[in-house]
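Take a look at the structure below.
Number of protein chains: 2
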Amino acid sequence: MSRYLTPRTQPTQCAACPVRQNALFQVVPLSYIEDAQSRRTDQYRLAARRVLYEEGSPAEMAFTLFQGWMLLYRSDAEGHRQGLRVALPGDFLGYMPPGSSHIHHAAVAVTDVVVCGFRQEGLHEMMTKHPDLATHITRIQARYMASCQNHMLGLGRKSAEQRIAYLVAELFHRLRYRRLIASDATTMPFPLTQEMVGDMTGLTPVHTNRVMRKLRSEGLLRVERTRLEIPDADALASLGGFVPEEPA
Amino acid sequence: MSRYLTPRTQPTQCAACPVRQNALFQVVPLSYIEDAQSRRTDQYRLAARRVLYEEGSPAEMAFTLFQGWMLLYRSDAEGHRQGLRVALPGDFLGYMPPGSSHIHHAAVAVTDVVVCGFRQEGLHEMMTKHPDLATHITRIQARYMASCQNHMLGLGRKSAEQRIAYLVAELFHRLRYRRLIASDATTMPFPLTQEMVGDMTGLTPVHTNRVMRKLRSEGLLRVERTRLEIPDADALASLGGFVPEEPA
DNA sequence: CGGGTATTTGACGACTGTCAACGCCAGTGG
DNA sequence: CCACTGGCGTTGACAGTCGTCAAATACCCG
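Just so you know, the protein sequences line up as chains A and B, in that order. Read left to right, the first sequence gives residues 1 to 248 (this note's numbering). Read left to right, the second sequence gives residues 249 to 496 (this note's numbering).
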């Protein structure tokens with residue numbers, strides 16, 4: 001059973017932290033940034049392993065992740081957890097269209113994180129005022145849907161080794177694409193525990209460990225503390241069947 | 249490897265067939281139905297096993313499925329196919345937000361089908377003219393996303409038996425919810441081959457067969473021709489961990 | 001009746017899960 | 001400064017699910 005489930009706590013408000021331009025930009029086109037600024041909440045800090053929202057909680061708020069990593073997941077009646085997405089800075093979480101009462105997944109902080117909240121209603125008002133904001137959000141949703149489909153392909157049809165290679169290759173690509181690491185970097189931060197990797201890939205922690213060890217022995221990965229070195233990103237992507245797509 | 253891949257063929261135009269009110273309603277709120285009618289194409293008929301659109305084809309058209317079942321899937325470099333969704337009459341297929349160049353999945357007709365096409369551009373124009381049409385489509389997308397997440401939970405964490413039970417329970421629920429079968433029905437049409445069931449559940453055809461056979465021997469399913477009898481829908485749903493949700 | 005498609009069955013093996021234990025490391029408190 | 005503790009990673013032995021290969025049977029449509 002899961003070890004990193006901690007009770008939900010209120011995020012604690014914090015002084016505004018420096019915002020990366022591209023983080024907010026992911027959600028709100030620059031032309032609406034003033035309207036958006038007036039509608040957003042203050043920034044909130046949440047400690048690692050804390051839950052931002054739970055499965056089935058009312059769909060009141062959506063969030064932009066400013067700093068840190070989060071894990072989005074669902075779990076079934078028996079308590080098995082399936083990871084849906086690793087959220088990186090700039091990601092948009094928890095949005096639901098008007099009329100939705102509850103959210104279907106949960107979000108837990110992998111590292112300490114900073115998020116910024118929008119009331120769903122405020123977003124919906126903005127969307128009717130600015131039709132192309134609606135388009136923009138639809139585009140984000142479509143992008144998540146595509147990544148969701150890639151993920152389903154992996155869960156249904158790929159080997160454990162391929163799934164893990166895919167996960168790492170995808171994270172590496174997204175970090176570079178968003179300039180969270182240099183475009184010529186060969187290492188990346190990697191705060192996920194092996195259990196979380198297992199959650200994402202549909203594997204048990206034990207098997208995850210064996211496979212990651214195999215990838216290491218094959219020279220495809222190198223692990224140092226909370227970082228990962230990727231000697232040959234192309235080989236990794238090709239093993240996992242990862243094909244980079246532009247907006248990520 | 250897959251056996252039901254057939255080359256894409258142009259759908260053949262056909263005389264308008266009777267449209268179920270609720271089918272079009274899934275896509276276009278009744279208030280815009282006139283605008284929608286003026287922008288849609290004629291109806292097209294497509295024979296079973298024909299491909300409506302392929303992975304990577306340009307995102308020109310979206311479709312409403314009027315009659316018949318379709319299977320949406322993705323496949324990887326090695327030709328493994330993973331089913332994403334079974335589309336039933338009333339479903340909206342192939343929509344992509346403005347700026348998307350290609351579609352990431354493919355759609356094949358399970359039975360003979362009738363679809364109605366919209367040019368993506370036309371939809372985008374309508375969405376800017378009628379902001380709540382945008383909302384409506386966003387809502388459909390969110391619903392598909394939720395079902396996608398249920399599916400991921402199954403692929404990653406459920407046994408073969410549970411996945412198949414879930415699939416059948418979900419289809420049964422959707423058919424009833426859309427009044428495509430009576431609400432007290434205990435049988436349903438079931439045109440999917442076992443191979444297609446395997447595609448949806450991430451199993452091989454052989455293993456799919458064994459598990460369906462087991463479900464039969466347990467009295468949870470009964471197969472007649474192209475129909476399925478479900479003696480105890482609650483038992484099936486509970487085995488598969490299926491929880492009905494209202495909009496389906 | 002014939003040919004192709006779908007289902008069924010058996011034998012076998014690989015991949016992955018389960019259970020249990022141990023080691024490592026960082027933070028904590030004495 | 002050091003022992004303690006809890007979380008995480010690692011390893012071994014074993015079992016079970018599921019995939020693979022191959023072939024036989026059943027079914028549908030012309």
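Every residue, glycine too, gets a C-beta built ideally from N, C-alpha and C. On a predicted model such as this, the values are computed, not experimentally measured, just so you know.
Residues that residue i contacts on chain A, provided the C-beta gap is smaller than 8 Å
| i | result |
| --- | --- |
| arginine 405 of chain B | Asp76, His80, Arg81, Gln82, Gly202 |
One or two residues paired with residue i in a DSSP bridge
| i | result |
| --- | --- |
| glycine 117 of chain A | A/Phe63 |
| phenylalanine 92 of chain A | A/Thr64 |
| proline 46 of chain A | Strictly speaking, residue 46 of chain A in this sequence is leucine, with proline absent from that position. Answer by DSSP bridge pairing, in chain order: A/Val113. |
| proline 306 of chain B | B/His350 |
Amino acids of chain B, ordered along the chain, whose beta-carbon sits closer than 7 Å to that of residue i
| i | result |
| --- | --- |
| glycine 249 of chain A | Here chain A covers residues 1 to 248 and nothing more, so residue 249 of chain A does not appear. |
| leucine 153 of chain A | Arg322, Asp324, Gln330 |
| histidine 104 of chain A | Ala394, Gln397 |
| proline 97 of chain A | Thr383, Thr386, Arg387, Ala390 |
Within chain B, the residues that residue i reaches when beta carbons sit closer than 8 Å
| i | result |
| --- | --- |
| methionine 145 of chain A | Gln389, Tyr392, Met393, Cys396 |
| alanine 134 of chain A | Met375, Pro379, Ala382, Thr383, Thr386 |
| serine 100 of chain A | Arg387, Ala390 |
Where the beta strand (DSSP E) through residue i begins and ends
| i | result |
| --- | --- |
| methionine 318 of chain B | 318-323 |
| alanine 335 of chain B | 329-335 |
| leucine 52 of chain A | 51-53 |
| proline 189 of chain A | 187-189 |
| glutamate 224 of chain A | 222-224 |
Residue span of the alpha helix (DSSP H) that contains residue i, given as start and end
| i | result |
| --- | --- |
| valine 358 of chain B | Counting along the chain, valine 358 of chain B falls outside any alpha helix (DSSP H), and DSSP gives it neither H nor E. |
| valine 459 of chain B | 453-465 |
| valine 416 of chain B | 408-425 |
| leucine 476 of chain B | Counting along the chain, leucine 476 of chain B falls outside any alpha helix (DSSP H), though it belongs to the beta strand (DSSP E) covering 475-477. |
| glutamate 195 of chain A | 194-201 |
| phenylalanine 131 of chain A | With the sequence shown as reference, residue 131 of chain A is identified as proline, and phenylalanine is not the correct amino acid for it. Unbroken alpha helix (DSSP H) run through proline 131 of chain A: 131-157. |
| glycine 240 of chain A | 233-240 |
Inter-residue Cα distance where the pair is residue i and residue j
| i | j | result |
| --- | --- | --- |
| alanine 307 of chain B | threonine 386 of chain B | 17 Å |
| cysteine 17 of chain A | methionine 196 of chain A | Because the pLDDT of cysteine 17 of chain A is 42, which lies under 50, any placement of that residue in the model is unreliable, and the question is left without a value. |
| aspartate 76 of chain A | glutamate 54 of chain A | 13 Å |
| asparagine 398 of chain B | leucine 228 of chain A | 31 Å |
| histidine 207 of chain A | lysine 214 of chain A | 11 Å |
| aspartate 234 of chain A | leucine 320 of chain B | 29 Å |
| glutamate 121 of chain A | glycine 370 of chain B | 28 Å |
| threonine 452 of chain B | proline 131 of chain A | 45 Å |
| leucine 403 of chain B | arginine 163 of chain A | 13 Å |
| arginine 405 of chain B | histidine 80 of chain A | 7 Å |
| glycine 331 of chain B | proline 97 of chain A | 26 Å |
| glutamine 389 of chain B | leucine 46 of chain A | 30 Å |
| serine 349 of chain B | phenylalanine 366 of chain B | 16 Å |
| cysteine 396 of chain B | leucine 93 of chain A | 16 Å |
| arginine 85 of chain A | alanine 394 of chain B | 13 Å |
| leucine 498 of chain B | cysteine 364 of chain B | Given a span of 249 to 496 for chain B in the structure shown, any question on residue 498 of chain B remains unanswerable. |
| valine 223 of chain A | serine 217 of chain A | 11 Å |
| leucine 167 of chain A | glutamine 194 of chain A | 12 Å |
| histidine 353 of chain B | alanine 433 of chain B | 33 Å |
| alanine 355 of chain B | leucine 153 of chain A | 15 Å |
| leucine 440 of chain B | aspartate 339 of chain B | 17 Å |
| glycine 198 of chain A | phenylalanine 490 of chain B | 23 Å |
Sequence-distant residues of the same chain with beta carbon closer than 6 Å to residue i, five excluded per side
| i | result |
| --- | --- |
| leucine 423 of chain B | Ile429, Met436 |
| lysine 129 of chain A | none |
| proline 492 of chain B | His421 |
| phenylalanine 273 of chain B | Caution is warranted here: a pLDDT of 49 is assigned to phenylalanine 273 of chain B, below 50, making its placement in the model unreliable, and no coordinate value can be reported. |
| alanine 237 of chain A | Ala169 |
| aspartate 413 of chain B | A quick correction: the sequence has alanine, not aspartate, at residue 413 of chain B. Contacts found: Leu484, Leu487, Gly488. |
| aspartate 112 of chain A | Ala47, Ala48, Gly68 |
| glutamate 326 of chain B | none |
| tyrosine 343 of chain B | Ala310 |
| valine 114 of chain A | Cys17, Gln43, Arg45, Phe66, Gln67 |
| serine 431 of chain B | Arg424 |
Close-in-space but distant-in-sequence residues of the same chain around residue i (CB under 8 Å, 5 per side omitted)
| i | result |
| --- | --- |
| leucine 88 of chain A | Leu65, Trp69, Leu171, Arg174, Leu175, Arg178, Leu180 |
| alanine 160 of chain A | Thr201, Leu203, His207, Thr208, Val211 |
| alanine 382 of chain B | Met375, Thr376 |
| arginine 322 of chain B | Glu303, Arg329, Gln330, Leu332, His352, His353, Ala354 |
Within chain B, partners of residue i - CB distance below 9 Å
| i | result |
| --- | --- |
| proline 189 of chain A | The contacting residues do not exist; proline 189 of chain A stays about 25 Å from chain B at best. |
7 Å CB neighbourhood of residue i in its chain, flanking five on each side removed
| i | result |
| --- | --- |
| glycine 467 of chain B | Pro479 |
| arginine 143 of chain A | Pro247 |
| histidine 124 of chain A | Pro98 |
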